[in-house]
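2 protein chains.
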Amino acid sequence: MAISAQAGPAVEACFLSSILEAVDLALSSAKRPVALHEPRFGARERELVMDCVDTGWVSSAGRYVTLFEEMVASAVGVPHAVAVVNGTTALHAALVLEGVRPGDEVIVPSITFVATANAVSHAGAVPHFVDSTWMTMGLDPVALDEHLQQVSERRDGQLFNRQTGRRIRAVVPVHVFGHPVDVPQLQALLAKYDLIFIEDATESLGSTWKGQACGTFGHSAVLSFNGNKIITTGGGGMILTADDQYARRARHLTTTAKIAHQWAFEHDEVGYNYRLPNINAALGCGQVERLPEMVAAKRALATRYMQVFENVSGARIFREPGGAASNYWLNTLVLDREFSDERDALLSMLHANGIQARPLWTPLHLLPMYSDCPRAPLPVAEDMFTRCINLPSSPFLSGERN
Amino acid sequence: MAISAQAGPAVEACFLSSILEAVDLALSSAKRPVALHEPRFGARERELVMDCVDTGWVSSAGRYVTLFEEMVASAVGVPHAVAVVNGTTALHAALVLEGVRPGDEVIVPSITFVATANAVSHAGAVPHFVDSTWMTMGLDPVALDEHLQQVSERRDGQLFNRQTGRRIRAVVPVHVFGHPVDVPQLQALLAKYDLIFIEDATESLGSTWKGQACGTFGHSAVLSFNGNKIITTGGGGMILTADDQYARRARHLTTTAKIAHQWAFEHDEVGYNYRLPNINAALGCGQVERLPEMVAAKRALATRYMQVFENVSGARIFREPGGAASNYWLNTLVLDREFSDERDALLSMLHANGIQARPLWTPLHLLPMYSDCPRAPLPVAEDMFTRCINLPSSPFLSGERN
Ligand SMILES: Cc1ncc(COP(=O)(O)O)c(C=O)c1O
Ligand SMILES: Cc1ncc(COP(=O)(O)O)c(C=O)c1O
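Line order of the protein sequences matches chains A and B. Here the working numbering is used: position 142 in the first sequence is 143, and no number is missing along the way. Here the working numbering is used: position 109 in the second sequence is 110, and no number is missing along the way.
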């Protein structure tokens with residue numbers, strides 16, 4: 002008894018210090034404290050932003066907004082891109098444009114940033130949580146299929162939740178930390194149930210699945226250019242789609258639904274003021290030019306983490322699923338089950354040593370405002386939450402030039 | 002018959018060319034085309050924005066957001082200011098924070114930019130239109146009182162619309178084109194009916210009534226820093242209030258309702274991502290420093306317009322109401338009733354001569370999505386729409402240094 006009671010803390014202490022040592026080694030060239038994710042700008046961003054200020058064209062009427070849209074559309078390989086103030090408003094507008102109506106349900110993972118569910122609420126709809134898979138960290142197609150078989154029924158050509166009586170309209174898979182979801186399985190499943198596929202690609206700009214970019218798999222997709230994302234506009238977002246009419250409506254709805262006229266102010270529906278200002282777009286134009294460089298640097302950092310953790314026992318770095326090339330937006334350390342109790346001690350130790358690691362988002366079904374929402378069993382989401390830690394992932398930490 | 006049929010067009014042509022001549026005279030020093038309203042930036046804005054880009058602090062976590070809030074709060078003379086992405090989202094958040102709930106009614110003027118009513122819709126509530134007065138161009142307290150006497154009743158300490166059965170929760174007066182509404186009468190009326198006063202001060206930063214600033218009269222107020230406003234952040238807005246608890250809730254609700262923690266992601270209500278990015282706030286810090294100068298320049302331009310129009314018959318420049326000092330955000334030419342049919346011919350002629358004048362916003366009750374909303378008689382709103390034209394009003398047009 003006495004011996005095993007002492008052995009416990011000793012094993013833990015040894016585990017914690019081996020992790021700290023590995024992270025310290027991976028980040029050896031970085032000054033402390035090391036932030037979770039930081040942007041960096043160069044001469045090009047300075048130049049474009051200054052041009053904006055000098056010409057006075059800082060608001061949404063300026064030409065950088067259109068240029069930024071074109072650059073991102075071409076980088077992703079999607080016909081249309083509509084720039085908005087951030088990823089949350091992009092998702093809100095996309096849901097409205099896809100015909101999600103107040104009282105509908107929208108399927109989302111429980112493991113995602115709260116904005117995914119908030120946008121559903123902003124559209125007056127109800128998030129319906131389905132489990133994630135350790136294969137991708139994203140929505141689990143098998144769990145989704147099983148759950149829909151149990152709770153859904155078709156009526157008048159539409160899918161309903163038998164337990165709540167509400168229509169299930171759409172699914173919003175998230176490519177968590179840049180890792181693509183299981184695209185072919187999800188696409189097949191959504192086709193089978195006739196559900197709309199809206200891609201939350203906020204974390205996965207630059208990620209691909211079998212060579213095709215994230216942001217091109219859903220009927221529409223959204224990006225975020227928040228300060229912590231792979232490229233940033235300060236705050237910003239984008240709606241992507243291949244559907245011409247949808248793109249036109251997206252532009253209209255996000256710019257107060259004003260009818261074009263030389264001087265008159267006529268609007269034909271309740272619109273939003275979601276348009277990205279020109280000064281933010283100018284910053285984005287500079288950033289998108291170096292997207293390939295950023296992705297390469299982030300992948301190099303992920304490789305470095307994997308190398309240093311190869312000889313550490315009790316934890317591993319999450320690897321992109323087969324067929325995918327992830328942007329590794331945030332690197333994730335996964336603790337073995339026996340060490341899941343050590344997560345907070347580890348976070349404290351890392352912070353005490355100037356390393357701003359963080360746990361996963363609290364699974365959304367555990368937050369007070371979403372605790373009564375419909376849901377499938379969520380064992381994997383809860384397991385992930387206890388065992389994952391994100392490590393500092395700024396592209397320049399890899400030591401590559403960028 | 003033949004003579005008067007010829008005299009008509011001749012009088013019209015003479016009227017139109019006398020207006021053009023006067024506007025041309027007022028704007029004699031400006032290059033054509035003359036925009037309706039343009040921003041201008043100086044060395045200070047360059048410096049602050051570059052500091053943002055150089056330090057990498059472009060997103061909402063940066064220090065310029067707080068600094069901008071403090072500068073605006075002090076310029077207006079209000080205890081709290083919460084910066085958000087624009088005036089529309091500021092108004093939406095303010096309505097939610099004031100307890101406006103889906104299905105409530107909110108009284109707004111029909112003569113305002115569509116965003117005032119849109120924000121009410123975004124909160125799930127219904128705009129209820131009340132007439133404006135030629136005294137201020139804003140909400141008419143007399144018409145409001147008469148209308149509420151006719152349609153409202155108190156039940157359980159709350160005000161209801163007897164015709165629709167819905168609760169009337171708040172009133173959003175707008176200081177149109179910078180001219181303060183009739184503050185004491187409206188305040189007395191709202192107290193009598195126990196309605197919440199939310200000030201749409203998006204157009205009136207720098208305007209005062211008896212020396213007190215617009216933005217300090219309601220329980221809360223909102224500003225806009227859109228590119229066409231008196232000072233700009235590209236796109237931006239602010240919520241103002243003297244209520245400590247309301248300010249804390251405003252900050253929480255507009256930043257995803259995240260609970261402060263060193264690393265955990267917990268949120269306790271459905272929040273919004275409405276926070277202003279730091280790069281936009283940096284621009285704002287530079288702009289707010291010259292607010293007094295901007296107001297002076299805009300008042301000088303208004304005086305110039307009044308002078309040149311003194312000798313023109315058939316139209317006059319709208320003057321600030323007694324007791325008020327307006328920022329004259331947009332100068333308004335009011336045509337005499339006999340010339341109201343000439344509005345569009347006048348707009349065409351001004352545009353053809355490089356002067357980007359515009360009519361009033363189409364009264365909101367005439368837009369398709371608001372045509373079925375509850376409303377009082379709106380004769381003045383419709384009269385204003387036929388007879389008002391906004392003239393170019395950029396501060397630097399006055400020729401004053403700025
Ligand atoms: C998965 C996910 N969805 C939505 C968002 C919302 O994006 P934004 O912060 O730009 O509103 C984010 C990023 O913050 C995110 O990570
Ligand atoms: C009266 C009025 N209300 C609300 C708004 C909305 O502000 P913003 O354009 O910043 O969303 C504006 C300005 O555009 C306005 O003029």
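Just so you know, even glycine gets a beta-carbon here, dropped at the ideal spot from N, CA and C. Since the model is a prediction, treat every value here as computed from it, not as a measurement.
Are residue i and residue j closer than 8 angstroms when you measure CB to CB?
| i | j | result |
| --- | --- | --- |
| A316/B | I112/B | no |
| V182/B | G238/B | no |
| G219/B | L284/B | no |
| V223/A | I197/A | no |
| C409/A | M72/A | Because chain A here runs from 2 to 403, residue 409/A falls outside it and cannot be looked at. |
| L365/A | F178/A | no |
| R167/A | V107/A | no |
| Q357/A | P40/A | no |
| G78/A | T217/A | yes |
| G43/B | N227/B | no |
| L26/B | S394/B | no |
| T387/A | S341/A | yes |
| L392/A | L347/A | no |
| M295/A | G212/A | no |
| P360/A | I318/A | no |
| S327/B | H123/B | no |
| T165/A | P375/A | yes |
| Q159/B | H352/A | no |
| T137/A | P322/A | yes |
| R47/A | V54/B | yes |
Just the chain B side, please: which residues come within less than 9 angstroms of residue i by C-beta, in chain order?
| i | result |
| --- | --- |
| D384/A | Result: empty, since nearest Cβ-Cβ is about 17 angstroms, beyond 9 angstroms. |
| I280/A | V50, T234, G235, G236, I280, N281 and L284 |
| T363/A | A265, F266, E267 and H268 |
List the residues of chain D whose Cβ lies closer than 9 angstroms to the Cβ of residue i, in chain order.
| i | result |
| --- | --- |
| S122/A | The structure shown contains no chain D; its protein chains are A and B. |
For a contact defined as C-beta to C-beta under 9 angstroms, what are the partners of residue i on chain A?
| i | result |
| --- | --- |
| M239/B | Under the 9 angstroms cutoff, chain A gives no residues; its nearest Cβ is about 14 angstroms from M239/B. |
| R359/B | Q263, W264, A265 and F266 |
Pick out whichever of the options has its Cα sitting closest to the Cα of residue i.
| i | options | result |
| --- | --- | --- |
| D52/B | P40/B, Y65/B and Q150/B | Y65/B |
| F16/A | E39/A, A353/A, L206/A and D337/A | D337/A |
| V97/B | R252/B, L21/B, E70/B and S395/B | R252/B |
| A189/A | L21/A, M307/A, V172/A and T203/A | V172/A |
| P278/B | L361/B, S394/B and G57/B | G57/B |
| P380/A | A144/A, G125/A and A74/A | A144/A |
| M385/B | R344/B, D373/B, M350/B and Y371/B | R344/B |
| K259/B | M370/A, V12/A, P375/A and C389/A | M370/A |
| F114/A | L28/A, A202/A, S327/A and S19/A | A202/A |
| G9/B | R376/B, T363/B and E339/B | E339/B |
| L28/A | G355/A, L368/A and T363/A | G355/A |
| T233/B | S18/B, V289/B, R155/B and L68/B | V289/B |
Taking Cβ-Cβ distances shorter than 8 angstroms, what residues in chain B pair up with residue i?
| i | result |
| --- | --- |
| G139/A | Ordered by position in chain B, no residue passes the 8 angstroms Cβ test against G139/A, which lies about 18 angstroms from the chain. |
| G57/A | E39, P40, R41 and F42 |
Along chain A, which residues have their Cβ under 7 angstroms away from the Cβ of residue i?
| i | result |
| --- | --- |
| A62/B | G228 |
| N87/B | N274 |
| request: Name, going along the chain, the residues of the region 39-54 of chain B whose beta-carbon falls closer than 9 angstroms to a beta-carbon of chain A. | output: The residues in question are E39, P40, R41, F42, E46, R47, V50, M51, C53 and V54.
| field | Members of the region 242-276 of chain B near chain A, C-beta cut-off 9 angstroms | value | T257, A258, K259, Q263, W264, A265, F266, E267, H268, D269, E270, V271, G272, Y273, N274, Y275 and R276
| Touching or not, the region 89-107 of chain A and the region 190-210 of chain A, by the rule of three or more beta carbon pairs under 8 angstroms? | yes
| request: Using a Cβ-Cβ cut-off of less than 7 angstroms, list which residues of the region 366-379 of chain A approach chain B; keep chain order. | output: Listed in sequence order: L368, P369 and M370.
| Where the region 221-232 of chain A meets chain B: residues whose CB sits under 8 angstroms from a CB there | Answer in chain order: N227, G228 and N229.
| task | Select from the region 99-120 of chain A all residues with a C-beta closer than 7 angstroms to any C-beta belonging to chain B, and list them in chain order. | result | Answer in chain order: V115, A116 and N119.
| How do the region 144-157 of chain A and the region 79-97 of chain A stand: do at least 3 beta-carbon pairs fall below 8 angstroms, yes or no? | As far as the Cβ criterion goes, the region 144-157 of chain A does not touch the region 79-97 of chain A, which means the pair count is below three.
| task | Using a Cβ-Cβ cut-off of less than 8 angstroms, list which residues of the region 285-296 of chain B approach chain A; keep chain order. | result | none
| field | Contact the region 300-318 of chain B vs the region 393-401 of chain B: 3+ CB pairs below 8 angstroms | value | yes
| query | Taking any Cβ of chain B, which residues in the region 337-354 of chain A have a Cβ under 7 angstroms from it, in chain order? | reply | L348 and H352
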